[in-house]
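First the structure, in the form of structure tokens, and then the observations on it.
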């Protein structure tokens, strides 16, 4: 008899189970936690069944990959199920590849950590406080995906508000000392990668200020007498003060905005019943549409009748830098308003120079010693003047710098001079003088010429002195112009879809702030302010979001594409001489909310139109059927081209010195007068030939559609050629940009 059979059955069973569990555990444990990353497994359209059934499916998929139910349970982070299908899991690279090969999976991608794209602006656009409003404005809900919100801000008070509209299905995921109201009707927070975050992840409360700023810009209540230490004084308000706000906290301090959090917020916001989604977040790197959390979320929002407004990014002025470029979302660049903030430095010799800065400090007319950073190296730490001239943190000698104003050869966050004990700093603006920063001490940022003059004063004076005065707001006659930091096209994924779509105010914007957040970038800056002045496409995006909500209040049944078309075709024209890269910087032009309510004609599009375009871009039948949730297939009869997507702009990529000719099929819907006739007018440079057939279209009723074909031909050696098409009925001027660009890899 085999000796092992002498063991009692219960023991043999125990040992057998132990061996199986050990083997499975060994398989799961074969990869250390260091080998695992947070991945998103995207599976397309909304699943059937409740969370329990969906989560069970996700668990079974994980079990197949990791070989253990226990392992799957420990690795599953989150299940998306309310508006689309997918889950978040901690996987190895190999496991992610195995998962990507499953028949029910569209894509698997690493959860990246995206960054934030960080008053007077509405009046500047001709959108006054007393603008005509629709009584249904209070039914419009804007979902703000950001750093959360400060509910006690006066910009979110609900005085005079009725209860939320019945369509609202969201919640106030409140923690201690956080409450919603009839203005701020919902709040959620997401911390799916919890082990990596210590603070700020357990509440919708905004600890960084950014989310409160964007929310109040889009839909803040009217608050009079607002300023930042006297700067920018006036009435703070959003585009739609009567609209409701739902805050979705996707970004966490010192962590950024993870793709996992972003998709969870989209999943909820769509199901909660928002009308517009605003997200001022993005990446510096291009991703395929279905490897991009924001593009995925925006696609499912579009499927549900919700327009997503995105920031274009702050990586300009380089070309191909635009972020958030999916054709089903609105991409917003940043431009200046007619107000700048300048801080003056006065020297002991009586000369003074104006620099850009939001400086709120008052030095009480006291002159301080002026020192060049290159003459004060922290030699004990191994630095010399070649490094200390830039004033990086730790490079300056505290004994030499303390109590002085320091001149620095580079623009920094000023923490170097601050930590060394400086009383102020003057820095080089490196050619970007069209926007202002806040600093944690008195500061100004000068042009290279003015900085050289200050440097010459230091070098020729035995005891140089200076004072930096508090900033003042001054009129800017050149506004609007696209700001240097605003990301530019061409679209890095689909060259022949023009991005950005339009531009809006994004420079020196005063709006609500979190009183516990740093006023500047320095965390040691303890100035607590309820309103702050900051710049970025993060600020321009909520202007467009608010304008979209304004249009939605008049036209609640319009599709996302219709609202987007109305915003794009009614823009103010931009001055090309003041805006580098023309349409690649500002798209169709500058936001004009009032005109967008009555655009005359719209270029409408729906899910099927975008899917047809994606078919033409080579996306597979399997993936598109999963995304749409039906039996969508790509064939020779329904494969579309990017030029036939019913987009409100026209873009064509061309090769240097080669002849080109391309036709664009378009269809417009009459939302203006019945019995109207529109005539096409084309403005074009000599290098381009543009024809429109037919060039006259007539409508008998609202809602009627007419088709036309635009053909562009020519040859160019220029990097960009700009033209335009305007449909005019004598009242409405429906304007579309036409661009031909030389692009890489065509």
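In this note's numbering, the protein residues as written are 1 to 746.
Note that beta-carbon positions come from the ideal geometry of N, C-alpha and C, so glycine has one too.
These numbers were taken from a predicted model, which means no experiment stands behind them.
Asked, Found
"Are residue 454 and residue 426 closer than 8 Å when you measure CB to CB?", "yes"
"Where does residue 747 fall in DSSP's three states?", "Within the shown structure, residues of the chain are numbered from 1 to 746, placing residue 747 beyond reach of any answer."
"Given 8 Å as the limit, is there contact between the segment 199-210 and the segment 435-449, that is, 3 or more CB pairs closer than that?", "no"
"Whose C-beta lies closer than 6 Å to the C-beta of residue 319 among residues of the same chain, with five residues either side of it excluded?", "488"
"Return the chain-ordered list of same chain residues with a C-beta closer than 6 Å to the C-beta of residue 12, the five sequence neighbours on each side being excluded.", "A caution first: residue 12 carries a pLDDT of 33, below 50, which makes its placement in the model too unreliable to give a value."
"So the alpha helix (DSSP H) residue 375 belongs to, where does it begin and stop?", "Residue 375 -> no alpha helix (DSSP H), and no H or E assigned at all."
"Specify whether the segment 511-518 and the segment 543-556 touch according to this definition: at least 3 beta carbon pairs, one from each stretch, less than 8 Å apart.", "no"
"Would you list the residues sitting across from residue 706 in a DSSP beta bridge?", "668"
"Grab me the residues of residue 677's own chain with a C-beta within less than 8 Å of its C-beta, minus the 5 sequence neighbours each way, in chain order.", "696, 697, 698, 699, 729"
"Please report the distance separating the alpha-carbon of residue 327 from that of residue 338.", "31 Å"
"Whole angstroms is fine: what's the gap from residue 578's alpha carbon to residue 345's?", "27 Å"
"Could you check the C-alpha separation between residue 616 and residue 416 for me, to the nearest Å?", "53 Å"
"By a C-beta neighbour count over all protein chains shown, 10 Å radius and 16 as the cutoff for buried, is residue 27 buried or exposed?", "At residue 27, the pLDDT of 42 sits below 50, so the modelled position is not reliable; the number obtained from the coordinates is stated separately. Under this definition residue 27 is an exposed residue."
"Please state whether the Cβ-Cβ distance between residue 547 and residue 591 is less than 8 Å.", "yes"
"Consult DSSP for residue 23 and reduce its assignment to one of helix, strand or coil.", "Reliability fails at residue 23, whose pLDDT of 40 lies under 50, so the model's placement of it is uncertain and the value that follows must be treated cautiously. Three-state result, residue 23: helix."
"From the DSSP secondary-structure annotation, give me the bridge partner or partners of residue 78.", "88"
"Hey, out of 64, 154, 244, 61, whose CA is closest to residue 139's CA?", "244"
"With residue 216 and residue 238 assumed to form a contact (beta carbons below 8 Å), what rounded beta-carbon distance in angstroms separates them?", "6 Å"
"Going by CA-CA distance only, name the one from 81, 85, 37 that's closest to residue 626.", "85"
"Could you tell me which of 507, 233, 236 sits nearest to residue 334, measuring between CA atoms?", "507"
"Can you tell me where the beta strand (DSSP E) holding residue 188 begins and where it ends?", "184-189"
"Please state whether DSSP places residue 634 in a helix, a strand or coil.", "coil"
"Let me see if you follow: with CB-CB separation under 8 Å, is residue 217 close to chain D or not?", "This model lacks chain D altogether, as it is built from one protein chain only."
"Applying the 10 Å Cβ sphere with the 16-neighbour rule, what's the burial state of residue 310?", "buried"
"Return the Cβ separation of residue 121 and residue 594 in integer angstroms, given the expectation that the two are a contact with Cβ distance under 8 Å.", "Contact flag wrong, Cβ pair sits at about 14 Å."
"Compare the Cα-Cα distances from residue 551 to each of 59, 35, 306, 271 and report the closest residue.", "306"
"Sort out for me which residues DSSP pairs residue 406 with in a bridge.", "371, 425"
"Please classify residue 70 as buried or exposed, where buried requires at least 16 neighbouring CB atoms within 10 angstroms.", "exposed"
"Which of helix, strand or coil does DSSP assign to residue 733?", "strand"
"Quick one: which unbroken beta strand (DSSP E) runs of 3-plus residues sit fully inside the segment 522-602? Chain order, please.", "531-534"
"What residue range is occupied by the uninterrupted beta strand (DSSP E) comprising residue 257?", "256-258"
"Using DSSP bridges, identify the partner residues of residue 505.", "335"
"Can you tell me the Cβ-Cβ gap for residue 549 and residue 236, rounded? I've got them flagged as a contact below 8 Å.", "With 8 Å as the limit, residue 549 and residue 236 do not qualify as a contact, their Cβ atoms being about 17 Å apart."
"Using DSSP bridges, identify the partner residues of residue 146.", "249"
"Rounded C-beta distance between residue 723 and residue 685? I'm assuming under 8 Å.", "7 Å"
"Tell whether a beta-carbon distance below 8 Å holds between residue 291 and residue 52.", "no"
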